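Q: The opening residue of the sequence shown carries number 1 in the numbering used here; numbering runs sequentially from there.
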Amino acid sequence: MNHLPLIIKREYITKVRNKAFIIMTFMSPLIMIALFSLVAYLSQLNNTKQKSITVLDESEQIESIFTDKETVKYTILKGVTLENAKAIVEEQESYGLLYISDFKNRVGTTDEVKKRNVDVKFYSSETPSLSIISGLETKVEDRLKEMNLQDKGVNQATIKNAEVDININQENFTGEKTSKEGSVVKLIFGGAAGYLLFMFIIIYGNMIMRSVIEEKTSRIIEVIISSVKPIQLMLGKIIGTTFAGITQFGIWLILGSVLMVVASLIFDIDFSQVNTPQQDIMAQAMQNPDANADIQIFINAFFNMPLANLIIAFILFFVSGYLLYSSLYAAIGAAVDNETDTQQFMLPIIMPLILAVYVGGFTVIEDPHGTVATVFSFIPFTSPVVMLMRIPFGVPIWQQVLSLLILIGTFIFTIWMASKIYRVGILMYGKKPTYKELLKWIKY
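(1) Below 8 Å, how does it come out for the segment 21 to 37 and the segment 250 to 262: are there three or more Cβ pairs, yes or no?
(2) Since Thr127 sits in a beta bridge, which residues does DSSP pair it with?
(3) Excluding five sequence neighbours on each side, which residues of the same chain lie with their C-beta closer than 8 Å to the C-beta of Glu437?
(4) Would DSSP call Lys121 helix, strand or coil?
(5) Which residue's Cα is closest to the Cα of Leu35: Gly256, Gln343, Val185, Asp142?
(6) With DSSP as the reference, please indicate the residues paired to Lys73 in a beta bridge.
(7) Start and end of the beta strand (DSSP E) containing Leu427?
(8) Could you give the distance in angstroms between the alpha-carbon of Gly245 and the alpha-carbon of Val72?
(9) Tell me which same chain residues have a C-beta within less than 7 Å of the C-beta of Val16, skipping the five on either side of it?
(10) Are there 16 or more other CB atoms within 10 angstroms of the CB of Val189, so buried, or fewer, so exposed?
(11) Which same chain residues, not among the five before or five after Lys237, have their C-beta less than 8 Å away from its C-beta?
(12) Is it the case that the Cβ atoms of Leu4 and Ala193 are separated by a distance below 8 Å?
(13) Between Asn18, Ser37, Lys19, Ala373, which lies nearest to Met260 when the distance is taken from Cα to Cα?
(14) Under 8 Å: do the segment 58 to 75 and the segment 143 to 163 share three or more Cβ pairs, one atom per stretch?
(15) With burial defined as no fewer than 16 other Cβ atoms inside 10 Å of the residue's Cβ, what is the status of Thr276: buried or exposed?
(16) Note down the Cα distance separating Lys160 from Lys152, rounded to an integer number of angstroms.
(17) For the segment 362 to 373 against the segment 344 to 353, are there 3 or more C-beta pairs whose distance is under 8 Å?
(18) Would you call the CB atoms of Ala356 and Phe378 closer than 8 Å?
(19) With 16 as the cutoff for other CB atoms within 10 Å, does Glu215 come out buried or exposed?
(20) Got a sec, what are the start and stop residues for the alpha helix (DSSP H) Ile88 sits in?
(21) Would you decide whether Ile13 is buried or exposed? Buried here means 16 or more other CB atoms lie within 10 Å of its CB.
(22) Which two residues bound the contiguous beta strand (DSSP E) that contains Gly153?
(23) Looking only at its chain, what residues have a beta carbon closer than 6 Å to the beta carbon of Leu323, apart from the 5 residues adjacent to it on each side?
(24) Let me know if Phe362 comes out buried or exposed under the rule of 16 or more other beta-carbons within 10 Å of its beta-carbon.
(25) Is Thr382 near Pro352, with beta carbons less than 8 Å apart?
(26) To the nearest angstrom, how far is it from the Cα of Tyr204 to the Cα of Tyr195?
(27) Report the three-state DSSP secondary structure of Asp493 (helix, strand or coil).
(28) Where do the ends of the beta strand (DSSP E) carrying Ser96 lie?
(29) May I ask which residues mark the beginning and end of the alpha helix (DSSP H) holding Pro433?
(30) Checking the sheet assignment: what are the DSSP bridge partners for Asp367?
(31) Enumerate in chain order the residues of its own chain whose CB-to-CB distance from Tyr95 is below 6 Å, with the five nearest sequence positions on each side excluded.
(32) Alpha carbons only, please: which of Asp57, Val89, Val140, Val39 is nearest the one belonging to Ser264?
(33) Can you name the residues that DSSP bridges to Asp57?
(34) Note down the Cα distance separating Pro433 from Ser227, rounded to an integer number of angstroms.
(35) Alpha helix (DSSP H) containing Thr242: first to last residue?
(36) Does the Cβ-Cβ distance between Leu98 and Ile88 come in under 8 Å?
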């Protein structure tokens, strides 16, 4: 009799009714949203505080560019020495002092003076923000560049009009058009798919292993194994735990989205205020008038990808890769008595995954159709991650099918081998198995 559906149902219900599972399912998004809310709130407070910067420009030719903004207020000092300016800033507890030396009467070669080699220093009691320093450097550089051009009799508008933007149109020999923006979108999609599979295997593979160990140590398995085939029991635990993981993941997404909206409405928190260096770069890029056109290019590049192929391949490789590694986790759980003993068997499982992420991250970016990337996309223990990263770049269907067949064949062999270990190891107690003993169990 096929007991597999009953085992899957039992495993699923047992998991979702587990008190620790329920607590983590609902507490994890609460904790994450609480942390994000706190960071966003503190960033929002930090952004509302206006920084006061004092400027001492001895040349009196750059100070005009410093105009007040919402987050920065500039105070221009005139007719004071540097030491007096420092004392004034310390007394007023300003954010810092920007000092620009007098390069009009600078002693040096003619070339040095013409190049306007100016000393610029920023004095502050604390380490200043990187974004503040970068902004000040940009302002001074642009002003000095403008002055140098004026000295040479070059009109800045003429240079602006002479600038030419080159966008190399990419097209393969079949007439299909591509672009560098499309390559970036493909990298993002492939990287996200590979990393998601990596995390899913790590999280829920360990859950399967712990589940097997718990049943083994509680001796419940001795009753179950008398009426159920080991391979059915193992498949039932893998599939049932997978469904529980998908349920948990879905609740995280839905509950996290709802909590984020509620937090932003009730506490008036703007999550976009969480400042990172990447966000500063994005904010500067959005000030470019061509930013909207660039965004449209990325959107078009996304919809120009073979989405149907990507979705189908993602589901097939994701499921097959997860089942392959889950069977190994279940076998490890059956071979040991506690989680401490699992460490000696974890390295052979984790290493191919880590290798797949690194190979996909470096070789696929450089050459998605190169020898290294292609070979690793056929090796079953790395193909789920590497192939998912390669597919957005246009992998032939025959390569995808061949890689998938190899992966499925390896899974069938692995599930058979793991069931052999499961059959013997599930009833073994009090002895720490070795690799040699595992080989003996497989031969039984």
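Every residue, glycine too, gets a C-beta built ideally from N, C-alpha and C.
These numbers were taken from a predicted model, which means no experiment stands behind them.
A: Taking the definition as stated:
(1) Judged by Cβ distances under 8 Å, the segment 21 to 37 makes contact with the segment 250 to 262, as three or more pairs qualify.
(2) Partner(s): none; Thr127 has no beta bridge.
(3) none
(4) DSSP places Lys121 in strand when its eight states are reduced to three.
(5) If we check each option's Cα against that of Leu35, Gly256 comes out closest.
(6) Ser52
(7) No beta strand (DSSP E) contains Leu427, which DSSP labels as neither H nor E.
(8) 48 Å
(9) Taken in chain order, the residues that qualify are Ala244, Thr247.
(10) It is Phe, not Val, that sits at residue 189 in the sequence shown. Result: buried.
(11) Ile7, Glu11, Ile208, Ser211, Val212, Ala330
(12) no
(13) Ser37
(14) yes
(15) At Thr276 the pLDDT is 46, less than 50, meaning the model places this residue with poor confidence; the figure from the coordinates comes in the next sentence. Burial call: exposed.
(16) 16 Å
(17) Put simply, the segment 362 to 373 does not touch the segment 344 to 353. Fewer than three CB pairs are less than 8 Å apart.
(18) Here Ala356 is not near Phe378, since their CB atoms are 8 Å or more apart.
(19) buried
(20) 82 to 92
(21) exposed
(22) Neither: Gly153 is in no beta strand (DSSP E) and is coded neither H nor E.
(23) Phe411
(24) Looking at its Cβ environment, which holds fewer than 16 other Cβ atoms inside 10 Å, Phe362 is exposed.
(25) yes
(26) For Tyr204 and Tyr195, the distance between alpha carbons rounds to 14 Å.
(27) The question about residue 493 has no answer here: the residues shown for the chain are numbered 1 through 444.
(28) Before going on, a small fix: residue 96 reads as Gly here, not Ser. Segment 96 to 100, the beta strand (DSSP E) holding Gly96.
(29) Neither: Pro433 is in no alpha helix (DSSP H) and is coded neither H nor E.
(30) Its beta-bridge partners do not exist; DSSP assigns none.
(31) Lys51, Ser52, Ile53
(32) Val39
(33) Ile100
(34) 26 Å
(35) 230 to 266
(36) no
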